[in-house]
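**Q**
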Amino acid sequence: MASTDTKSTDARGEDSSSSLAGLEAGLDALESSVTGRTPFRQTFTQKILPPLLAIAVVLAVWQGLVTFKIVDDPSRLPSPGAVWDVVHQSWLEGTLLGYIWTSVSRGLLGFLFALAIGTPLGLLVARVKFVRAAIGPILSGLQSLPSVAWVPPAVIWLGLNNQMMYAVILLGAVPSIANGLVSGVDQVPPLFLRAGRTMGATGMKGTWFITLPAALPGYVAGLKQGWAFSWRSLMAAEIIASFPDLGVGLGQLLENGRNASDMAMVFEAILLILVVGIAIDLLIFSPLERWVLRSRGLLVKG
Amino acid sequence: MATTLAKAADGTEVAEHAARIEHVSKSFAGPAGQQLVLDDISIDVAPGEFVTLLGASGCGKSTLLNLVAGLDKPSAGTITTDGRPALMFQEHALFPWLTAGKNIELALRLRGVPKNDRREKAEALLELVRLKGAYGKRVHELSGGMRQRVAMARALAQESKLLLMDEPFAALDAITRDVLHDELTRIWEETGLSVLFVTHNVREAVRLAQRVILLSSRPGRIAREWTVGIPQPRRIEDAPVAELSVEITEVLRGEIRRHGQH
Numbered sequence: 107m108a109s110t111d112t113k114s115t116d117a118r119g120e121d122s123s124s125s126l127a128g129l130e131a132g133l134d135a136l137e138s139s140v141t142g143r144t145p146f147r148q149t150f151t152q153k154i155l156p157p158l159l160a161i162a163v164v165l166a167v168w169q170g171l172v173t174f175k176i177v178d179d180p181s182r183l184p185s186p187g188a189v190w191d192v193v194h195q196s197w198l199e200g201t202l203l204g205y206i207w208t209s210v211s212r213g214l215l216g217f218l219f220a221l222a223i224g225t226p227l228g229l230l231v232a233r234v235k236f237v238r239a240a241i242g243p244i245l246s247g248l249q250s251l252p253s254v255a256w257v258p259p260a261v262i263w264l265g266l267n268n269q270m271m272y273a274v275i276l277l278g279a280v281p282s283i284a285n286g287l288v289s290g291v292d293q294v295p296p297l298f299l300r301a302g303r304t305m306g307a308t309g310m311k312g313t314w315f316i317t318l319p320a321a322l323p324g325y326v327a328g329l330k331q332g333w334a335f336s337w338r339s340l341m342a343a344e345i346i347a348s349f350p351d352l353g354v355g356l357g358q359l360l361e362n363g364r365n366a367s368d369m370a371m372v373f374e375a376i377l378l379i380l381v382v383g384i385a386i387d388l389l390i391f392s393p394l395e396r397w398v399l400r401s402r403g404l405l406v407k408g
Numbered sequence: 104m105a106t107t108l109a110k111a112a113d114g115t116e117v118a119e120h121a122a123r124i125e126h127v128s129k130s131f132a133g134p135a136g137q138q139l140v141l142d143d144i145s146i147d148v149a150p151g152e153f154v155t156l157l158g159a160s161g162c163g164k165s166t167l168l169n170l171v172a173g174l175d176k177p178s179a180g181t182i183t184t185d186g187r188p189a190l191m192f193q194e195h196a197l198f199p200w201l202t203a204g205k206n207i208e209l210a211l212r213l214r215g216v217p218k219n220d221r222r223e224k225a226e227a228l229l230e231l232v233r234l235k236g237a238y239g240k241r242v243h244e245l246s247g248g249m250r251q252r253v254a255m256a257r258a259l260a261q262e263s264k265l266l267l268m269d270e271p272f273a274a275l276d277a278i279t280r281d282v283l284h285d286e287l288t289r290i291w292e293e294t295g296l297s298v299l300f301v302t303h304n305v306r307e308a309v310r311l312a313q314r315v316i317l318l319s320s321r322p323g324r325i326a327r328e329w330t331v332g333i334p335q336p337r338r339i340e341d342a343p344v345a346e347l348s349v350e351i352t353e354v355l356r357g358e359i360r361r362h363g364q365h
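Note that the protein sequences, when read in sequence, are chains A and B.
The working numbering applies: residue 107 is where the first sequence begins, and numbers increase by one.
The working numbering applies: residue 104 is where the second sequence begins, and numbers increase by one.
1. Is it buried or exposed for D179 of chain A, if we count other Cβ within 10 angstroms and need 16 for buried?
2. In chain A, which residues lie less than 9 Å from A132 of chain B when you measure between Cβ atoms?
3. Just to confirm, are P186 of chain A and L165 of chain A a CB contact at a threshold of 8 Å?
4. Quick one: complete alpha helix (DSSP H) runs, 4+ long, within the segment 285-331 of chain A?
5. Would you mind working out which of B:M249, B:R360, B:G186 sits nearest L136 of chain A, comparing C-alpha positions?
6. With a threshold of 7 Å on Cβ separation, who are the neighbours of R338 of chain A within its own chain once the five nearest residues in sequence on each side are excluded?
7. Residues of chain B with CB closer than 8 Å to the CB of E361 of chain A, please, in chain order.
8. Under 7 Å Cβ-Cβ, which residues of chain A neighbour D285 of chain B?
9. Between H126 of chain B and A172 of chain B, how many whole angstroms is the CB-CB distance? I'm expecting something under 8 Å.
10. Does any residue of chain A bring its CB to less than 8 Å from the CB of P322 of chain B?
11. Would A140 of chain B and P199 of chain B qualify as a contact pair, given that the criterion is a beta-carbon distance under 8 Å?
12. In this structure, does DSSP put K129 of chain B in helix, strand or coil?
13. Against P199 of chain B, what residues of chain A qualify as contacts under a CB-to-CB distance less than 7 Å, listed in chain order?
14. Determine the burial state of V163 of chain A: buried for a count of at least 16 other Cβ atoms within 10 Å of its Cβ, exposed for fewer.
15. Verify the CB distance criterion: does T279 of chain B have a CB-CB separation below 8 Å to chain A?
16. Going residue by residue through the segment 120-180 of chain A, where are the continuous alpha helix (DSSP H) segments of at least 4 residues, counting only ones entirely within it?
17. Between which residues of its own chain and R238 of chain A is the CB-CB distance below 6 Å, once the five residues before and five after are set aside?
18. At which residues does the beta strand (DSSP E) containing G158 of chain B begin and terminate?
19. Listed from N- to C-terminal order along the chain, which residues in the segment 389-401 of chain A have their beta-carbon within a distance smaller than 7 Å of any beta-carbon of chain B?
20. Write down the C-beta distance between R257 of chain B and N206 of chain B rounded to the nearest angstrom, noting that I regard them as a contact closer than 8 Å.
21. Which residues of the segment 223-256 of chain B have a Cβ closer than 9 Å to any Cβ of chain A? Give them in chain order.
22. Tell me, please, which residues DSSP counts as bridged to D147 of chain B.
23. So that I know if they touch, is there some Cβ in chain A lying closer than 8 Å to that of V298 of chain B?
24. If M270 of chain A sits next to L264 of chain A, beta carbons under 8 Å apart, how far is it from one beta carbon to the other, in whole angstroms?
25. Starting from T302 of chain B, follow its DSSP beta bridges and name the residues at the other end.
26. In chain order, what residues of the same chain have a beta carbon less than 8 Å from the beta carbon of A237 of chain B, not counting five sequence neighbours either side?
27. Against chain A, does F192 of chain B count as a neighbour if the rule is that its beta carbon must be under 8 Å from one of theirs?
28. What number of angstroms, rounded off, separates the C-alpha of P177 of chain B from the C-alpha of W397 of chain A?
29. Beta-carbon of V301 of chain B versus every beta-carbon of chain A: anything under 8 Å?
30. I think L265 of chain B touches L299 of chain B, with their Cβ atoms under 8 Å apart; what is that distance to the nearest whole Å?
31. I want to see whether chain A comes within less than 8 Å of A203 of chain B, judged by CB atoms only; does it?
32. G151 of chain B and G295 of chain B: beta carbons closer than 8 Å?
33. Rank A:V372, A:V354, A:R364, A:G286 by C-alpha distance to the C-alpha of L221 of chain A and give the top, closest one.
34. Straight-line CA distance for L156 of chain B to M191 of chain B?
35. Inspect the CB distances between the segment 327-345 of chain A and the segment 245-262 of chain A and report whether three or more fall short of 8 Å.
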């Protein structure tokens, strides 16, 4: 056997341990996948550019409808420029951030309450069979009830005040958060629970170290949906129960625009509601969800 | 769990058995009433011994391992182990929300190892399975063979006297499996662990074990037992390993054939 090696490499000899280590290192290198971050250019052309183009098209069509007098009545369809003027005006008056903050602070505070109630409730439903049989179906059913339906009873029970708003947010968001956690717990692979048990993670330890972290993807999806429901519920409450003493949020702004027959103001309010809802999702919930999924290798790169 | 103790020469008490399985039976409620899965199994695993349980599908070998691990209770008979055994599965069962190192540290933490010692111990265990530098790696960044080695390190972190392995290499490719056989043998010799290893791969059983126990199927009974005298390190392609494998395979096929006759 022709070999340039002066030392005989008998697999059983002194070298067996180091040759095994070398073999193993080679296998590890061959079979590990290299993952890196996608370059910004790629992110820009694939993720950022398309929605910007879509927005540009919508604005162009809107402007076209006004410019070519297809809709020739500013009280029905104001031009994009007119809406921008209203937004700009309220920015100069210093009221714009006030509208946004009134609604966002209500929404986020209500969401935090919903989180504090929905999480233990979801855990209870997921882990206690009797509780699940008793209120599980009701909890899922509540998700399909439009939260605007809660506004009239909330007004009667609590009156026209902030508590009423929070009550409506809770009734909208708690079922989503609880259901998210339940489905998260249900999808925990039994193998993880068995592995945890052999390591001594039983009872509370099992819940804390295994079940909750394993259920995190479902829980975060529930949070995301819970926020969407919170925001929608709040807007419904603000529109229906507008009362000067409550301060002007985005819902009230919309209602004020309708009362004044000011279509530009109505459009301003709708746009702000949309933008704020999306912004909170993009700034808080989407990064949270992406981080959870990516750290587990569940995010497939396109 | 009770432990069988004996007086050693110097008067200290040492466990006589890493695991003692005595007349264990297990039946499950099936569509045709109670179905007997394991029938009167008795196996002793001595401290430091490597035993493989070999059998075709339906012999209840995984059920038996679950019973020894304490994940399920036998219908009859008793199982005593020296402390809580560690268990390794065919799937790596590593937690994807933790890094390789943190997976090992979780096992240490659940065992009550103080916070300050965990990192060092986890690094040492990773070095033992030759994965130095994988501490911060996420599970999905590791290859199949690396995952099973981290799983092995995590099992070793429990510092059990007995390691139960449920076909841990069945899902790996042949080259990786060979390498992990060598690793397991080396670690077993270094640590003095007792191992109860379940497989349906005859050569794997002969390659690794000091004792091979063949289970018959439906219900699982001990069909035959071989002591493997071939010195380690063995290779799966060695002639003595192959010869014994042929002999055991013949008996195993005979057992399987019985199920085709009515």
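Backbone N, C-alpha and C define an ideal beta-carbon position, used for all residues, glycine too.
**A** The answer reads as follows:
1. The sequence position of residue 179 of chain A within the first sequence is 73, counting from 1. So D179 of chain A ends up on the exposed side.
2. Along the second sequence, read from residue 1 onward, the residue named residue 132 of chain B stands at position 29. Those do not exist, as A132 of chain B stays about 19 Å from chain A at its closest Cβ, beyond 9 Å.
3. Against the first sequence, residue 186 of chain A aligns to sequence position 80. Against the first sequence, residue 165 of chain A aligns to sequence position 59. The answer is yes: Cβ separation under 8 Å.
4. 296-304, 309-312
5. As a working note, residue 136 of chain A is residue 30 in the first sequence. Of the listed residues, the one whose Cα sits closest to L136 of chain A is B:M249.
6. Within the first sequence, residue 338 of chain A is the residue found at index 232, counting from 1. Only S253, G278 meet the Cβ criterion.
7. Here residue 361 of chain A corresponds to residue number 255 of the first sequence, with the count starting at 1. Per Cβ cutoff of 8 Å: no residues; E361 of chain A is ~45 Å from chain B at best.
8. What you label residue 285 of chain B is simply residue 182 of the second sequence in a count that begins at 1. In chain order: L126.
9. For the purposes of this step, residue 126 of chain B is identified with residue 23 of the second sequence, where counting begins at 1. For the purposes of this step, residue 172 of chain B is identified with residue 69 of the second sequence, where counting begins at 1. Actually they do not touch by this definition, with Cβ atoms about 19 Å apart.
10. On the second sequence, position 219 is the one that residue 322 of chain B refers to. So, not an interface residue.
11. Stepping through the second sequence from its first residue, residue 140 of chain B is reached at position 37. Stepping through the second sequence from its first residue, residue 199 of chain B is reached at position 96. Note that residue 140 of chain B corresponds to Val in the displayed sequence, not to Ala. Against a cut-off of 8 Å, the Cβ pair of P199 of chain B and V140 of chain B comes out as no contact.
12. For the purposes of this step, residue 129 of chain B is taken as residue 26 along the second sequence, with counting starting at 1. K129 of chain B: strand per DSSP, three-state reduction.
13. Residue numbering aside, residue 199 of chain B sits at position 96 when the second sequence is read from its first letter. Within chain A, the residues near P199 of chain B are R402, G403.
14. Position 57 of the first sequence, counting from 1, holds the residue named residue 163 of chain A. It is exposed - the Cβ of V163 of chain A has fewer than 16 other Cβ atoms within 10 Å.
15. In the second sequence, counting from the first residue as 1, residue 279 of chain B sits at position 176. So, interface residue.
16. 122-137, 146-149, 155-173
17. Translated into the one-based positions of the first sequence, residue 238 of chain A becomes position 132. Excluding sequence neighbours, R238 of chain A sits near V231.
18. Counting from 1 along the second sequence, the entry for residue 158 of chain B is found at position 55. That run of the beta strand (DSSP E) goes 153-158.
19. S401
20. Here residue 257 of chain B refers to the residue found at position 154 when the second sequence is read from its first residue. Here residue 206 of chain B refers to the residue found at position 103 when the second sequence is read from its first residue. Between N206 of chain B and R257 of chain B the Cβ distance is about 5 Å, and since that is below 8 Å, they are a contact.
21. R233, L234, A237, K240, R241, V242, H243, E244, L245, S246, G247, G248, M249, R252, A254
22. As a working note, residue 147 of chain B is residue 44 in the second sequence. B:R123, per the DSSP bridge assignment.
23. Residue numbering aside, residue 298 of chain B sits at position 195 when the second sequence is read from its first letter. No - not a single Cβ of chain A is within 8 Å of the one on V298 of chain B.
24. Here residue 270 of chain A refers to the residue found at position 164 of the first sequence. Here residue 264 of chain A refers to the residue found at position 158 of the first sequence. That pair is a contact at about 4 Å.
25. Locating residue 302 of chain B in the second sequence gives position 199, counting from the first residue. Per DSSP, B:L157.
26. Mapped onto the second sequence, residue 237 of chain B falls at position 134. Excluding residues within five positions, the ones whose Cβ falls inside 8 Å are A203, G204, L229, L245, M249, V253.
27. Locating residue 192 of chain B in the second sequence gives position 89, where the first residue counts as 1. Closer than 8 Å to some Cβ of chain A, the Cβ of F192 of chain B qualifies, so yes.
28. Mapped onto the second sequence, residue 177 of chain B falls at position 74. Mapped onto the first sequence, residue 397 of chain A falls at position 291. Between P177 of chain B and W397 of chain A, the C-alpha separation is close to 43 Å.
29. In the second sequence, residue 301 of chain B corresponds to position 198, counting from 1. No - not a single Cβ of chain A is within 8 Å of the one on V301 of chain B.
30. By one-based count along the second sequence, residue 265 of chain B stands at place 162. By one-based count along the second sequence, residue 299 of chain B stands at place 196. Contact holds; Cβ gap of about 7 Å.
31. To locate residue 203 of chain B, count along the second sequence from 1; it is residue 100. Not closer than 8 Å to any Cβ of chain A, the Cβ of A203 of chain B fails to qualify, so no.
32. Position 48 of the second sequence, counted from the first residue, corresponds to residue 151 of chain B. Position 192 of the second sequence, counted from the first residue, corresponds to residue 295 of chain B. Contact flag set, yes.
33. One-based indexing of the first sequence puts residue 221 of chain A at position 115. Out of A:V372, A:V354, A:R364, A:G286, A:G286 has the C-alpha closest to the C-alpha of L221 of chain A.
34. Counted from its first residue, the second sequence places residue 156 of chain B at position 53. Counted from its first residue, the second sequence places residue 191 of chain B at position 88. Approximately 15 Å between the Cα atoms of the pair.
35. yes
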